[in-house]
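Counted from 1, the sequence shown has number 149 at position 148 by the numbering used here; the numbering is strictly sequential. Reviewing the structure listed below.
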Amino acid sequence: MTIHKDECFELFQQIGLSEQKAKETLKNAQVSKNLKFAITEATKHAEITPEIGILLYHLSSKIKTQIVDKIPFLSKYIAEKKLDTVQRVDAALNYVLNHLHEEVNISAFEEVCGIGVVILPEQVEEEVEKLIKIHKDEILEKRYRFNPGPLMQQVRNTLIWADGKAIKNEFDIQILNLLGPKLASDLELAPKQIQQNKIKKTKKDEQKDVSLANESTSTQVTIMELMKTKVHFHKPGENYKTEGYVVTPNTHKLLQEHLKITGGKVRTRFPPEPNGILHIGHAKAININFGYAAAHNGLCYLRYDDTNPEKEEEKFFIGISEMVEWLGYKPAKITHSSDYFVQLYNWAVELIKKGLAYVCHQSNEEMKGFNPPPSPWRDRPIEENLQLFEDMKHGLFEEGEATLRMKVTLEEGKQDPVAYRIKYLPHHRTGEQWCIYPTYDFTHCLCDSIENITHSLCTKEFQSRRSSYYWLCNALDIYCPVQWEYGRLNVNYTVVSKRKIAKLIEEGIVSDWDDPRLFTLTALRRRGFPPEAINNFCAQMGVTGAQATVDPAILEAAVRDVLNVTAVRHMVVLDPVKVTISNFPHSEAVKLSVPDFPNAPERGHHEITFDKVLYIEASDFKEVNEKNFRRLTVKQSVGLKYAGVVLTVESVEKNDSGNILNIIVKQEPVSEKNKPKAFIHWVSQPTLASIRLYERLFKHKNPEDPNEVPNGFLSDINPTSKKEIVGYLDANLANSVKPFDKFQFERVGFFSVDPDTKSGKVVFNRSVTLKEDASKI
């Protein structure tokens with residue numbers, strides 16, 4: 002079967018593979034052949050949805066050569082949604098392989114594959130609950146150090162066809178409900194783990210770990226710990242030991258010169274384009290580059306990749322620097338690609354002189370795609386190229402009329418990438434000095450070489466440029482760093498594209514780049530996410546080659562972990578009901594001293610006001626008692642937190658519509674004989690504040706996926722993503738807050754003071770709830 006790359010690329014995308022996955026698949030001729038065959042066969046039986054497409058891909062990548070002839074049979078079962086999970090496809094492959102020379106016994110095959118077996122969420126919940134009860138004492142003792150892995154396997158053994166993610170999520174939910182949020186003690190390394198971290202690896206182990214971090218990073222608390230224990234890149238000066246690194250006759254001499262300059266220290270760089278606001282994916286890149294350097298006593302530069310004056314703005318330069326520092330990192334040096342424009346131009350001239358670059362007049366459209374026509378100017382004389390490149394520099398061509406191209410083929414098959422293009426725009430730093438600007442493919446590796454970067458760390462999509470990275474440095478006979486790739490970090494229920502965020506702002510859906518519903522770093526800061534929580538989240542994601550797309554709940558859990566031990570507790574009422582104490586024993590309001598952290602009173606106190614009239618949450622009162630309701634009812638008393646009193650209802654005042662206006666109560670001291678079932682929060686003499694409650698901005702996980710959202714991301718907006726209400730808080734709190742202060746409103750959630758706060762107007766943003774909503778998980 003002949004494989005036509007353009008045809009297959011489109012076909013693979015049509016069945017649901019991402020552009021990147023389709024490209025990677027095309028690199029493996031056998032998998033590509035299998036997949037095309039499987040698609041052809043499956044199409045005979047059904048229309049291929051993305052769910053079917055992913056399973057066909059799994060079949061094509063896992064099937065053994067000796068059973069390739071069974072692709073039509075297995076594809077039919079996948080198309081008919083009988084083999085509807087990865088587990089069932091794997092079971093089918095095992096069955097066919099184990100009965101290699103036999104006719105397939107359909108009934109036995111379907112029984113082995115669990116076809117028709119349906120596992121309900123209630124079954125998963127019931128099995129998990131059984132095991133949690135059995136191991137409850139051990140879980141309570143070990144808390145979050147308890148390893149649920151063996152229990153998950155028990156559930157899988159019982160419910161063979163249950164979804165693994167559903168089992169894990171159910172364990173997470175039930176353990177969280179049992180233990181509550183993580184405490185400071187849960188974040189400390191266990192003694193055994195500390196001891197393990199001290200054990201040195203053997204040389205054999207180090208050779209095995211030459212590239213990426215171990216997938217499991219759950220025991221890592223900080224990015225520093227991750228970089229020290231899980232990431233095993235080459236040592237400075239040992240570039241040549243890295244797989245794929247190109248060694249030339251001058252490599253050893255260049256490395257020796259490089260070591261003299263760096264002193265043998267690790268040197269990394271974070272190289273953002275100053276054309277937009279940084280987002281959560283950039284936080285991972287910041288942590289990896291700065292974190293790896295810090296963990297090895299090295300340096301990290303902040304380098305602005307400012308080679309495109311069309312999109313660069315001053316606010317982006319400033320915003321990038323602020324966010325790097327907000328995350329806790331200080332660059333050893335701030336540089337710009339434009340610092341090296343003269344050197345880059347001279348190197349381009351040298352490349353032409355070596356016959357390795359040429360001036361081309363093909364248009365952008367003619368150069369697009371995987372198999373564009375070769376340039377008719379590829380073999381023009383060197384002297385002619387030199388003159389034409391100088392003409393480009395002096396503005397003798399129109400934009401798009403000429404480019405400088407390098408004679409090299411990228412891993413993905415693209416030939417002769419552009420090194421320079423013409424743009425008649427003033428540059429942010431060099432003004433109108435230049436009308437030709439270098440591209441990323443030309444600039445990046447050369448700037449890394451100039452700055453003597455030891456580890457060029459970048460996301461996986463740049464793997465296809467690694468060959469040109471090494472080729473260009475070696476063609477110019479200069480120091481060549483090592484490029485290491487790691488998987489991108491993506492988050493569900495959001496968009497991070499500058500163009501799409503600009504559209505959200507333009508349509509009035511969000512207020513600006515820092516709207517707390519976005520996942521830009523400025524937005525997360527405004528929402529109240531602590532920088533250390535974002536860093537811990539990035540550490541939790543690890544440094545693997547796999548692209549990670551995670552649920553926002555994982556980031557929110559990291560936020561809770563930090564705020565739970567750092568956010569001062571206060572009582573705030575969001576849905577108030579008036580309560581009057583008929584027998585209040587004082588002639589005027591009294592002041593109570595309340596601990597900032599009830600579990601650690603030594604960390605400080607604040608004052609609150611206790612008066613005859615107070616306000617409680619409407620949900621803390623029911624006229625008719627309900628089973629398991631432990632708070633205030635007409636026949637059930639309740640305690641007031643920190644006041645030391647129990648309230649009992651005497652009467653309820655209502656308006657003509659039946660709405661409660663006032664609950665008249667009497668108070669009694671808390672005692673052994675008068676101990677309430679629960680204590681509730683409250684506020685007296687309140688000050689009003691604006692409280693903004695945020696939910697996910699989009700309704701679907703992948704708002705940019707046309708299969709999920711056929712009408713585009715703007716049609717997927719969650720209409721309840723922002724709700725603004727009036728909250729009642731103690732005047733002492735209202736008078737002392739400043740923007741970005743963080744608090745836990747007891748029994749309500751974690752909140753941060755919004756920059757909109759001004760004299761006389763306090764605004765809070767809800768950062769996260771106290772616990773994750775189980776329906777979201």
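For glycine and all other residues, C-beta sits at the position ideal for the given N, C-alpha and C.
According to DSSP, is residue i helix, strand or coil?
i	result
residue 811	There is simply no residue 811 to check, as the chain begins at 2 and stops at 778 in what is shown.
residue 485	strand
residue 16	coil
residue 216	Residue placement at residue 216 is flagged as unreliable, the pLDDT there being 34, under the threshold of 50; the coordinate-derived value follows with that caveat. Coil.
residue 342	helix
residue 728	strand
residue 114	coil
residue 58	helix
residue 32	helix
residue 496	coil
residue 210	Note on residue 210: pLDDT 31, under 50, position unreliable in the model; the coordinate value appears next. In the structure shown, residue 210 sits in coil (DSSP, three-state: anything other than H, G, I, E or B).
residue 186	helix
residue 409	coil
Under 8 Å between the Cβ atoms of residue i and residue j?
i	j	result
residue 751	residue 558	no
residue 281	residue 463	no
residue 548	residue 461	yes
residue 736	residue 607	no
residue 442	residue 270	no
residue 305	residue 337	yes
residue 1	residue 674	Residue 1 lies beyond the range of the chain shown here (2 to 778); nothing can be said about it.
residue 310	residue 438	yes
residue 17	residue 708	yes
residue 648	residue 633	yes
residue 403	residue 362	yes
residue 616	residue 577	yes
Within 10 angstroms of the Cβ of residue i, are there 16 or more other Cβ atoms? Answer buried if so, exposed if not.
i	result
residue 1	No answer is possible for residue 1: it lies beyond the span of the chain, which begins at 2 and ends at 778.
residue 158	exposed
residue 292	buried
residue 644	buried
residue 248	exposed
residue 444	buried
residue 240	buried
residue 23	buried
residue 135	exposed
residue 119	exposed
residue 753	buried
residue 721	exposed
residue 379	exposed
residue 107	exposed
residue 347	exposed
Report the option in the options whose CA atom is closest to the CA atom of residue i.
i	options	result
residue 470	486, 74, 446, 491	446
residue 712	516, 701, 605	701
residue 244	250, 235, 251	235
residue 130	36, 172, 112	172
residue 97	721, 121, 60, 123	60
residue 451	342, 490, 276	342
residue 112	84, 382, 104	84
residue 719	763, 696, 731	696
residue 77	99, 151, 54, 63	54
residue 1	259, 372, 384, 369	Because the chain is modelled from 2 through 778, residue 1 falls outside the range shown and cannot be assessed.
residue 94	731, 63, 622	63
residue 165	152, 766, 177	152
Excluding the 5 residues flanking residue i on each side, which residues of the same chain have their C-beta closer than 8 Å to its C-beta?
i	result
residue 219	With a pLDDT of only 39 at residue 219, under 50, the local geometry of the prediction cannot be trusted, and no value is derived from it.
residue 468	409, 410, 411, 412
residue 140	133, 147, 176, 179, 180
Can you give me the Cβ contacts of residue i inside the same chain, cut-off strictly under 6 Å, excluding the 5 residues immediately before and after it?
i	result
residue 56	79, 90
residue 479	450
residue 320	278
residue 537	559
residue 612	590, 685, 686
Leaving out the 5 sequence neighbours to the left and right, which residues in its chain are closer than 7 Å to residue i when beta-carbon positions are compared?
i	result
residue 14	20, 23
residue 602	596
residue 33	4, 9, 26, 27
residue 144	180, 187
residue 287	271, 325, 328, 330
Any C-beta of chain B sitting closer than 8 Å to the C-beta of residue i?
i	result
residue 684	The chain labelled as chain B is not found in the depicted structure, where only one protein chain is given.
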